[in-house]
Structures are given as C-alpha cells and as structure tokens.
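Just so we're aligned, residue 2 is where the sequence shown starts under the numbering used here, counting upward by one. Don't be surprised by glycine CBs; every beta carbon is placed ideally from N, CA and C. Quantities reported herein were computed from a predicted structural model and do not represent experimental measurements.
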Amino acid sequence: MPVTSNRTLLFPDPCFYDTPLPATATVTPSEQTFSREAGRETAMAKDILGEAGLHFDELNKLRVLDPEVTQQTIELKEECKDFVDKIGQFQKIVGGLIELVDQLAKEAENEKMKAIGARNLLKSIAKQREAQQQQLQALIAEKKMQLERYRVEYEALCKVEAEQNEFIDQFIFQK
Numbered sequence: 002m003p004v005t006s007n008r009t010l011l012f013p014d015p016c017f018y019d020t021p022l023p024a025t026a027t028v029t030p031s032e033q034t035f036s037r038e039a040g041r042e043t044a045m046a047k048d049i050l051g052e053a054g055l056h057f058d059e060l061n062k063l064r065v066l067d068p069e070v071t072q073q074t075i076e077l078k079e080e081c082k083d084f085v086d087k088i089g090q091f092q093k094i095v096g097g098l099i100e101l102v103d104q105l106a107k108e109a110e111n112e113k114m115k116a117i118g119a120r121n122l123l124k125s126i127a128k129q130r131e132a133q134q135q136q137l138q139a140l141i142a143e144k145k146m147q148l149e150r151y152r153v154e155y156e157a158l159c160k161v162e163a164e165q166n167e168f169i170d171q172f173i174f175q176k
C-alpha cells in the first residue's frame with residue numbers, strides 16, 4: 002500500500018509480513034486475504050525499491066546494493082585477498098630462488114677462477130719444464146763437446162805416448 006503523495010514513499014515493515022505464524026495459530030479466510038495482499042504489497046514495495054536501486058538484505062535492512070552484488074563483492078574481495086597472499090608467497094619463493102641462483106653463480110664464478118688459476122699454473126709448470134729441458138739439452142750439448150775435446154786430446158796423448166814409447170824402444174835398442 003504505497004502512498005505517493007508529495008513524492009514520499011511509505012512502505013510497511015517487511016519483517017511484519019515475513020514473520021511465520023505459530024503452529025497453534027489458526028488463520029481465518031479474511032486473515033489469509035490480508036496476508037496475501039500484504040505479501041503483494043511487500044513484493045511491490047521491493048520491486049519499486051529495486052527500481053530505485055534500494056534493496057533489503059537478509060536482516061531486512063535497507064541497502065543501496067543488491068544483496069547478490071554485495072555477496073559477489075565480498076567474494077571478490079576474499080578472492081583478491083587470497084590472490085594477494087598467493088602473490089606474496091610467490092614473491093617470497095622467487096626471492097629465495099633468486100638468492101639461491103645468485104649464490105650458485107658466485108660459487109660457479111669462484112670455481113671458474115680456480116680453474117683458470119690451475120690452468121695458468123699448469124701452463125707455467127709446462128713452460129718451466131720446457132725451459133728446464135732446454136737447459137738440460139744445452140748442458141748435454143756442452144758435455145758432448147767437452148767429451149769430443151777430451152776424446153781428441155786422448156787420441157793426441159795416445160799418439161804422443163806411442164811416439165815416446167817408440168823413441169824409448171829405439172833408444173834402448175841403440176845402446
């Protein structure tokens with residue numbers, strides 16, 4: 002039974018019509034008619050309010066948003082909170098992974114430097130051995146030349162000895 006004079010809408014309390022009757026109560030036909038009319042009036046009031054963008058919630062409080070939209074908004078808010086929590090967890094996991102990868106990169110760099118050092122040391126040792134080998138070859142060549150000189154000198158001394166022995170033999174035979 003909405004009254005639309007001076008543009009003010011009056012609506013009966015919807016709780017009054019939605020309240021169930023006790024089991025022991027008896028309803029007369031005139032009360033049933035009144036109840037049906039009140040139900041229609043309540044439905045009409047809800048329709049008019051719905052068109053105006055106003056709705057009743059489950060506690061029959063007047064709301065600007067449709068209860069379904071409100072529920073969807075709450076669900077969306079909860080989903081967003083879950084999403085933000087999951088993103089936070091993801092960022093923590095990714096941060097840990099980045100730290101781990103950085104640590105592994107540092108370890109790999111250290112091992113790389115060790116390998117480069119070992120390779121340089123090996124090259125250095127190889128160069129030292131090569132230099133040592135050249136020194137030994139030079140020493141061998143020098144000793145061979147010395148041996149050759151000694152051999153030539155020995156042969157010369159052998160000739161001198163043979164000549165002297167021959168001279169001694171001739172000198173002994175002449176006497």
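Cβ-based neighbour list, E167, same chain, cut-off 8 Å, excluding 5 preceding and 5 following: none
Give me the Cα-Cα distance between E131 and M146, rounded to the nearest whole angstrom. 22 Å
Could you pull out every unbroken alpha helix (DSSP H) segment of at least 4 residues lying fully inside the segment 85-134, listed in chain order? none
Hey, how far is the Cα of R150 from the Cα of Q134? 24 Å
Exposure of F57, with buried meaning 16 or more beta-carbon neighbours within 10 Å: buried
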